[in-house]
Structures are given as structure tokens and as C-alpha cells.
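To convert, take the position in the sequence shown, counting from 1, and add 17; that gives our numbering. Ideal Cβ positions, reconstructed from N, Cα and C, are used throughout, including at glycine.
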Amino acid sequence: MLPAIVVENLPRLVRAIKLLPGDPREDAALNLADELTGITAMVAEKFTNERTADGIQKALYLTVGCVSLGLENALHLENDQAALDFLVEHGAEHAFQVGFRLIKELSQLPEDALVGEYDQDPVYMARRLRELFVDICQADPNQNWSGAEKYAVQLQQRKQVQAVVRLAGWLRRHHDHGPVSDSDLNAEGVIALAVIFAIEGGGRIIARTGQKEFERFVRSVRKNKPDFEEGWAALVAKVPVQHHPVLLERIESYRRSCTVVQKILTRASMKSLFEDLENYAGSELDADYS
């Protein structure tokens, strides 16, 4: 068998440095080495351990990855010579700052649709930044590195989550019985309630409910047999257009597979329907029967 072809993909900083021997610019190598030493010392002080060889090595790996991430972002698909030109003209510290800003902005995006009060806690946010920095930017100069690709995937995923959270936030602010202001947010639960209750029609926005209100809703739907599609259209018409992609996707999903929607016009018991609703809405249901 022929050996598998492995495409070398060293960190962009390393690939740029390899071009230095042929670069005519005076002191380019010396200045770059001096900058990288300074950045590594700063990273060791703030993120690893400047007093141990292991800490300094980890700091070097993080420096290589973060500068490379900054270069990838600044240059996109340009070649390694362009990366070296960028380093000589703008400095490695600038590239590092670009990379670190990307990581910081990524750390501030929600990771999932369950948002808690602690998500805004400064200690938690600092830890989240540190963990992402290490996860994405750790780059052995002598090995292939996929940090830029990992960053791009995480950015896309978190932007999708952010879109869900923003829709849920809008629904909460426009809840039919007045804004819901809890610090903890189950974004998927909020959207589930809005989509399910929309089948009643009338364009009411429900972002929080309890058992008594749910029972009223079920009796109303069973009595009036509204057109579910008209109800969903009325909800979509009320929601700002920037939230439509997420809302329409959830409506399509619930149209196909939501057991509350499928069973509400059957002889299913109120208890069974409410148990199904709990599966979708979770912590966004009021616990008290009132």
C-alpha cells in the first residue's frame, strides 16, 4: 500500500519565518525575534508560568498560534510571503493583538442556548477566555496546526446560538402579559412556547406560561380548531425580519415533530400534553398552579 499523503500545514508564523533567510530587509529577523520574545514573556506571565521551562514552552506555543491566527485573519488566502511582509511592516505584536481580539470576541458569544446569570460573571468570563485561548492557539511550531479552522467552526456555531438567544430575548420583551426579565434564559424553551401557543391564532406572543394558562389554551384550540398555519404566519408577521431565519426553522421543525401540536386535537389527556410541553419548554414554565 502507498502511504497516505499528508499535507503539511505548519502555523502561518512558522511558514513566514522560514522565508527570512532570503529576505533582504535589514534587521527583519532580529526585530521579529525580539518581538516574539517579548510577547512570549507576556503570555508566560499572564497565562502559563514564567518561572518554569514548561510554562515558557506553553507560552511560546500560544504565541505562535495567536500570531498565526491574527495573520490568517488579516491575510485570508494570501501566501506566506505576504505573511512575512505583514510581520515586518506591522509587527508581530499587532498580529498577536488581532488574534487575541478574535479569541476574546469569540469568548463573549454564547456557547449554548441556556444562558445563566453566571455567564456575565467576570471570573467566569476570564476563565472562558483563557480556555478558548489555550484550546485554539496552542501550536507546536514543528507540527501541523488547525487552530484557524477550529476558530472558524466555533465562530459559526456560536453565531447560530447567538441568533437563537436574540430571538428568545425579543420574544421575552414582547411577551403578551408583560416582559419576562429573569436573568436565567432557556432560549429554546422560550421559542418552543411561542411557536406552540401561536397555533391558537391572534398573533399573541407567549414566552412564559403556567399550567392554568396552558389548560385554557388547549380547551380553546380544541373548541375553535384554528388553522395552525395562519397562527404561525401571524407570529412571523409580528417578529422582526432579522429573527425570521431561526423562527421559520423552528416552526418547520415543530410542524413535523412537536408532540404537543400533533396530539392537541386528539383525546390526549391534559396531563399528558402538559408533560410533553415540559419537554419543550423546560425551565420557562411557571412551576406554580395558579
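- With a cut-off of 8 Å on Cβ pairs, the stretch 202 to 214 is in contact with the stretch 291 to 302, counting three or more such pairs.
- In the same chain as Asn161, and ignoring 5 residues on each side of it, the C-beta atoms closer than 7 Å to its own belong to Glu25, Asn26, Leu27, in chain order.
- Remark: C-beta atoms of Val81 and Leu149 do not approach each other more closely than 8 Å.
- DSSP places Asn96 outside both helix and strand once states are collapsed to three, so it counts as coil.
- With respect to the 8 Å criterion, Ala109 and Leu37 are not classified as neighbours on the basis of their beta carbons.
- Inclusion of Gly218 and Pro243 in the CB contact set at 8 Å is warranted, their separation being smaller than that value.
- Counting along the chain, Pro139 sits inside the alpha helix (DSSP H) bounded by residues 139 to 154.
- Between the stretch 232 to 246 and the stretch 277 to 284 there are three or more inter-stretch CB-CB distances shorter than 8 Å, so the stretches are counted as touching.
- In chain order, Val253 place their CB closer than 8 Å to the CB of Leu265, counting only its own chain and leaving out the 5 sequence neighbours on each side.
- Boundaries of the alpha helix (DSSP H) harbouring Trp187: 164 to 190, taken from the DSSP string.
- In the structure shown, Thr226 adopts extended strand secondary structure according to DSSP, grouped into three states.
- Looking at the DSSP output, Asn203 bridges to Leu131.
- The stretch 42 to 60 makes no contact with the stretch 183 to 191; the number of CB pairs closer than 8 Å stays below 3.
- For His260, same chain residues with a beta-carbon under 8 Å away, outside a window of 5 residues either side, are Ala180, Arg183, Leu184, Trp187 in chain order.
- Apart from sequence neighbours up to five positions away, the residues of its chain that approach Asp193 with a beta-carbon distance below 7 Å are Arg221, Ile222, Ile223, ordered along the chain.
- Remark: C-beta atoms of Val60 and Leu79 approach each other more closely than 8 Å.
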